Amino acid sequence: MIITGTLLAIPSRAQENRYERRARLHESAWQKIVPRYTKVQFAGSMAMLSVGTGWNYYRNHWETDILLGIVPRHASDRANVTLTLKQNYFPWSLDLGERFTFEPLACGVYVNFLFNRDFWGRQPNKYPSGYYWFSTRIRSHIYIGERITLKLNPNSSWHKSISFFYELSTCDLYLINAIGNRYLKPKDYLSLSFGVKLQYYKPRVIRGS
Numbered sequence: 053m054i055i056t057g058t059l060l061a062i063p064s065r066a067q068e069n070r071y072e073r074r075a076r077l078h079e080s081a082w083q084k085i086v087p088r089y090t091k092v093q094f095a096g097s098m099a100m101l102s103v104g105t106g107w108n109y110y111r112n113h114w115e116t117d118i119l120l121g122i123v124p125r126h127a128s129d130r131a132n133v134t135l136t137l138k139q140n141y142f143p144w145s146l147d148l149g150e151r152f153t154f155e156p157l158a159c160g161v162y163v164n165f166l167f168n169r170d171f172w173g174r175q176p177n178k179y180p181s182g183y184y185w186f187s188t189r190i191r192s193h194i195y196i197g198e199r200i201t202l203k204l205n206p207n208s209s210w211h212k213s214i215s216f217f218y219e220l221s222t223c224d225l226y227l228i229n230a231i232g233n234r235y236l237k238p239k240d241y242l243s244l245s246f247g248v249k250l251q252y253y254k255p256r257v258i259r260g261s
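Numbering-wise, this note's numbering puts 232 at position 180 of the sequence shown, and it's gapless, one number per residue.
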């Protein structure tokens, strides 16, 4: 009796290498888009409380945040939701012992969107042309601040570090009003906010940056 069957093709070493390279490329691309941290921020003219995620890169000097915020009903006629896109820059980082780092200057810009039909991005037709030259739904901000970071033990916590920060910010409309009205005080056009960042992936380092 003769038994016939099919032979399984055994991939060559070159094919395996191509597969491994392709797998590494896919993994590398995926790692680039996976968020690196979670951030919670209080105030800052973006919402009463904002929660989001983001990415840090270029030797941890740059961060990009996406935050969703809530404006409670007691601060308005009804509760509102906001979306904030934020770009942060940290030029220096100082080591304070083995577990702490301090960034004496944090600065950046962010754009805040308000999800409410009563507000608009472009002036409605019911108003005379040029009556409102600004958007009531979208605000652009600039800020400066500082941050201190505590490095956590990876054996006892799944977070890499926890950071505490504060920011002093102003928006485009407030800044224009401050320039044109000398009687305004800093408290009228500056906003103070506080936040916490939980880092759960090691920041991606790009050589040569």
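Just so it is clear, CB atoms sit at the ideal spot from N, CA and C, and this is done for glycine as well. None of these values were measured; they are calculated from a predicted model.
Residue Asp240 holds the alpha-carbon nearest to the alpha-carbon of Leu227 among Phe216, Asp240, Met100. Residue environment analysis places Ser102 among the buried positions, since at least 16 neighbouring C-beta atoms fall within 10 angstroms of its C-beta. Taking C-beta atoms as the reference points, Gly160 and Tyr195 count as a pair closer than 8 Å. Looking at the DSSP output, Phe142 bridges to nothing. Judged by DSSP in its simplified three-state form, His193 adopts strand. When rounded, the separation of the alpha-carbon atoms in Leu148 and Lys91 is 23 Å. Under DSSP, Gly160 shares a beta bridge with Asn140, Tyr195. For Tyr226, no beta strand (DSSP E) run applies; the uninterrupted alpha helix (DSSP H) run containing it begins and ends at 224 to 232, by DSSP. Excluding its 5 nearest sequence neighbours in each direction, Tyr141 has C-beta neighbours in its own chain below 7 Å: His113, Trp114, Cys159, Gly160, listed in chain order. C-alpha of Ser215 to C-alpha of Tyr235: approximately 37 Å in a straight line. Here the alpha carbon of Lys138 sits roughly 8 Å from the alpha carbon of Leu119. A straight line joining the alpha-carbon of Ala230 with that of Phe246 spans about 23 Å. The straight-line gap separating the alpha-carbon atoms of Val163 and Arg88 is approximately 21 Å. Secondary structure of Tyr241 (DSSP, three-state): helix.
Ala99 is classed as buried because its beta carbon has at least 16 other beta carbons within 10 Å across all chains shown.
Taking C-alpha positions only, Ser97 is separated from Ser221 by approximately 8 Å. In this model, Leu244 and Ile85 are separated by some 30 Å (Cα to Cα). Minimum Cα-Cα distance from Pro156 among the listed residues Asn168, Glu198, Leu166, His126 corresponds to Glu198. Between Phe152 and Leu202 a beta carbon distance of about 6 Å is seen, short of the 8 Å cut, so the two are scored as contacting. When only Cα atoms are considered, Asn205 and Arg189 end up about 43 Å apart. Closest option to Tyr253, judged by alpha-carbon separation, among Thr105, Ala95, Leu146: Thr105. Per DSSP, the beta-bridge partners of Lys203 are Ser213.
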